[in-house]
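Data first, discussion second: the structure below is written as structure tokens.
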Amino acid sequence: MRIKEDDFEALIGTYCSNSHSLLGMHRVPNPSGEGEDELIVRAFLPDAEACSVVKLGKLAKKGQLSSKKEISSFPLVRLGNSDVFEGVLRGECEFFPYQLKVSYNDGTTQQFYDPYSFLPTISEESLYLFNQGKDRFIHNKLGANFQTVDNISGVSFSVWAPSAKRVSLVGDFNFWDGRRHMMRGLGSSGIWEIFIPGLSEGIKYKFEILGESGVPFLKTDPYGKYFESPPHNSSIVYDTYNYNWNDEKWLNKRKSVNWKNAPCSIYEMHLGSWKRKIEDANRPLSYREIADELIPYLKDMKFTHVEFMPLAEHPFDGSWGYQVTGFFAPTQRFGSPEDFKYLVDQLHQNDIGVIMDWVPAHFPEDRFALARFDETALYEHEDPRQGKHQDWGTLIFNYERCEVKSFLISNALAWFEHFHIDGLRVDAVASMLYLDYSRKEGEWVPNKYGGRENVDAIYFLREVNDEVHKYFPGALMIAEESTSFDGVSRDTVSGGLGFDFKWNMG
């Protein structure tokens, strides 16, 4: 056995935090102390009877890996009574592409690329910028993203859980078994990552996290792009680039319009209750169905924009979407993300802008989502005087934490990037601006200057407004703000919050 006893126990006990340093192909010293180092492959394969390493050749023309061209095979040996297999690759001294050929207890055999044979899919620069609160498009790196690594297509999964002892990817493809795909921790970034070759769209998954309590629990993907319906709430692998847009004319026009001077009439609506199919169990219209019904109405009434109350994924219908658990995903209630893109596309082709309600002020306590994500106050404050919303029973984002800023700013940009929306109406801005919002004396913590203003939230709002305007010229940022806070719609250079408009609360 070429593995330390402590590492072996951590591996089979599924509390291993460095699985990639133990599994996969590695170079090890020759046990004789003489000659060249040896190559070994180690695999952790629950329910396996036998395993061998299949060395792959390359296609002569394109240099692509070929799973059909097998050059040689090397058997692996089970270590004791465990599910760990290990073997020396005799005669090999250089790393090579390979697959594992595994026979299972139920009589089946599978051959697949080893997930532990791939390097990290997130760069050191991205990790640094994320930890600094400066990676504006981290949503294209964290979560589940289709990638091609060494000419092999698959899905990279990554999640921020800095206090976790172990994180595993579980889903339809591995029997929801946390032993099968333990992720690697990427240094001090707090991010865990793994690349799974061959996965396709539609696969359901979650993250299994082992925290300080020693009892593993499941969490949905904070950066998930699609979710199944409650109460299951699994994240679903989705390719966000699979839609062919036809709204280029509108997007080009948007860049040149000054909406502060142009006619602007906004129709606010809750999609779930606007119209229903009475003949079909009184269900709401789908994204595609509503395009046919809504567009003629908006054009007839001369509206320039439609504003949807929150359509990000949420578990409770009664919240009207204001208690979000899937910040990057249009709710599945009305169809797929592709269906929502179709609705936006059709509105744009009819010269109607799309504004979305956005909720960066708070999130619900549902344990499957952001709340105490790795058994610590990760996205929220530990102190309930800062982190608990009295009126709504929700948790308040910790705007001081850089990674939370990366999460929220990239979330705002993602709706413009992936769904082509034209503006965000930012909900509950007043509750973000004041530390004593709806609190009595002694129920709040003053800022570092002794005042009641939430300085970190103010900096965050300025930053997100500047970034949206920078990357998406012509986009609208609108504040739903119910107090007399000064400078809500003044630009940030002049000391304002940087919003384009303040929502008329009357």
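Sequential numbering of the sequence shown, starting at 1, is according to the numbering used here. By construction, the Cβ of each residue, glycine as well, lies at the ideal position given by its N, Cα and C atoms. From a predicted model like this one, the values you see are computed outputs, not experimental measurements.
Three or more C-beta pairs closer than 8 Å, one from the region 369-389 and one from the region 442-455: is that the case here?
The answer is yes - the region 442-455 touches the region 369-389, with three or more Cβ pairs under 8 Å.
Looking at the secondary structure, which residues open and close the beta strand (DSSP E) in which Met356 lies?
Here the beta strand (DSSP E) through Met356 covers 353-358.
Expressed to the nearest angstrom, what Euclidean distance is found between the alpha-carbon atoms of Val54 and Ser103?
Rounded to whole angstroms, Val54 to Ser103 spans 13 Å at the Cα level.
Of the residues Asp391, Ile396, Gly321, the one placed nearest Glu380, counting alpha carbons only
Ranking the options by Cα distance to Glu380, first place goes to Ile396.
Taking Cβ to Cβ, would you say Ser414 is nearer than 7 Å to Phe328?
Note that residue 414 is Ala in the sequence shown, not Ser. Their beta carbons are under 7 Å apart, which means Ala414 touches Phe328 by this criterion.
With 16 other CB atoms within 10 Å as the buried threshold, where does His348 fall?
By the 16-neighbour rule on beta-carbons within 10 angstroms, His348 is buried.
Kindly indicate which three-state DSSP category Ala329 falls into: helix, strand or coil?
It is a strand residue.
For Lys590, which residues of its own chain have a beta-carbon under 6 Å away from its beta-carbon, when the five flanking residues on both sides are left out?
Residue 590 lies beyond the residue range present for the chain, which begins at 1 and ends at 506; the question has no answer from this structure.
Endpoints, beta strand (DSSP E) assigned at Lys101
Following the DSSP letters along the chain, one finds Lys101 inside the beta strand (DSSP E) bounded by residues 98-104.
Could you give the distance in angstroms between the alpha-carbon of Ser73 and the alpha-carbon of Pro231?
The C-alpha of Pro231 is placed about 46 Å away from the C-alpha of Ser73.
Taking Ala144 and Ser200 to be in contact with their CB atoms under 8 Å, please state how far apart those CB atoms are, rounded to whole angstroms.
Your pair Ala144 and Ser200 does not check out as a contact, with CB atoms roughly 12 Å apart and the cut at 8 Å.
Assuming Ile203 contacts Val237 (C-beta within less than 8 Å), just tell me the rounded distance between them.
About 4 Å separates the beta carbon of Ile203 from that of Val237, a gap short enough to meet the 8 Å contact definition.
Complete runs of the alpha helix (DSSP H) confined to the region 68-142 [at least 4 residues]:
Whole alpha helix (DSSP H) segments, 4+ residues: 124-131.
In the DSSP assignment, what are the bridge partners of Glu193?
Partner residues in the beta bridge of Glu193, as assigned by DSSP, are Ser158, Arg184.
For Ala60, does the count of other Cβ atoms within 10 angstroms reach 16, so buried, or fall short, so exposed?
Interpretation of Ala60 is limited by its pLDDT of 46, a score under 50 that renders its predicted location unreliable; no figure is taken from the coordinates.
Cutoff 7 Å; reference His270; Cβ partners in own chain excluding five residues on either side:
If we look at His270 and ignore the five residues flanking it on each side, its Cβ neighbours are Met309, Trp320.
Nearest residue (CA-CA) to Trp176, options Leu218, Ser19, Asn242
Per the C-alpha coordinates, the member of Leu218, Ser19, Asn242 positioned closest to Trp176 is Leu218.
Specify whether the region 420-427 and the region 474-492 touch according to this definition: at least 3 beta carbon pairs, one from each stretch, less than 8 Å apart.
A contact exists between the region 420-427 and the region 474-492.
Would you call Ser153 buried or exposed, if buried means 16 or more other Cβ atoms sit within 10 Å of its Cβ?
Its Cβ having fewer than 16 others within 10 Å, Ser153 is exposed.
Ser256 to Asp366, Cα distance in whole Å?
Roughly 42 Å separates the two Cα atoms.
Buried or exposed for Phe8, going by 16 or more other Cβ atoms inside 10 Å?
Phe8 is buried by the Cβ-count criterion.
Under three-state DSSP, which class holds Met477?
In the three-state DSSP reduction, Met477 falls in the strand class (E or B).
Mind pulling the beta strand (DSSP E) runs of 3 or more residues that sit fully within the region 273-334?
If one requires a minimum length of 3 residues, the beta strand (DSSP E) runs lying completely within the region 273-334 are 305-308, 326-330, in chain order.
Taking Glu268 as the reference, give the member of Val404, Ala164, Met505 with the closest Cα.
Comparing C-alpha distances from Glu268 to each of Val404, Ala164, Met505 shows the shortest one belongs to Met505.
Reducing DSSP to helix, strand and coil, say where Cys16 ends up.
Coil at Cys16, not helix or strand.
Rounded to whole angstroms, what's the CA-CA distance from Tyr322 to Asp427? Just pull it up for me.
So the alpha carbons of these two residues sit roughly 8 Å apart.
I believe Asp466 touches Gly487 by the beta-carbon criterion, under 8 Å. Please report the beta-carbon distance rounded to the nearest angstrom.
Not really, about 14 Å apart at Cβ, beyond 8 Å.
Does Leu395 come out as helix, strand or coil in the three-state DSSP assignment?
In the structure shown, Leu395 sits in a strand (DSSP, three-state: E or B).
Spatial neighbours of Asp239 within its chain, please: C-beta separation below 8 Å, excluding the five flanking residues on both sides.
For Asp239, where only same-chain residues beyond five positions count, the Cβ hits under 8 Å are Phe146, Glu201.
So what does Met432 bridge to, in DSSP terms?
For Met432, which the question treats as bridged, DSSP gives no partner whatsoever.
From Gly35 to Val170, what distance separates their C-alpha atoms?
One C-alpha to the other measures close to 41 Å.
Neighbourhood of Ala50 by C-beta distance below 7 Å, restricted to the same chain and skipping five residues each side
Within the same chain, Ala50 has close Cβ partners Ser103.
The beta strand (DSSP E) with Gly487 in it runs from where to where?
Element bounds for Gly487: n/a, residue is neither H nor E.
Over the uninterrupted alpha helix (DSSP H) stretch that includes Val344, give me the two end residues.
Segment 337-349, the alpha helix (DSSP H) holding Val344.
Within 10 Å of its beta-carbon, does Val464 have 16 or more other beta-carbons around it, so buried, or fewer, so exposed?
So Val464 counts as buried.
Quick check on this structure: which residue in Gln111, Leu378, Ser489 has the alpha carbon closest to the alpha carbon of Gln99?
Nearest of Gln111, Leu378, Ser489 to Gln99, Cα basis: Gln111.
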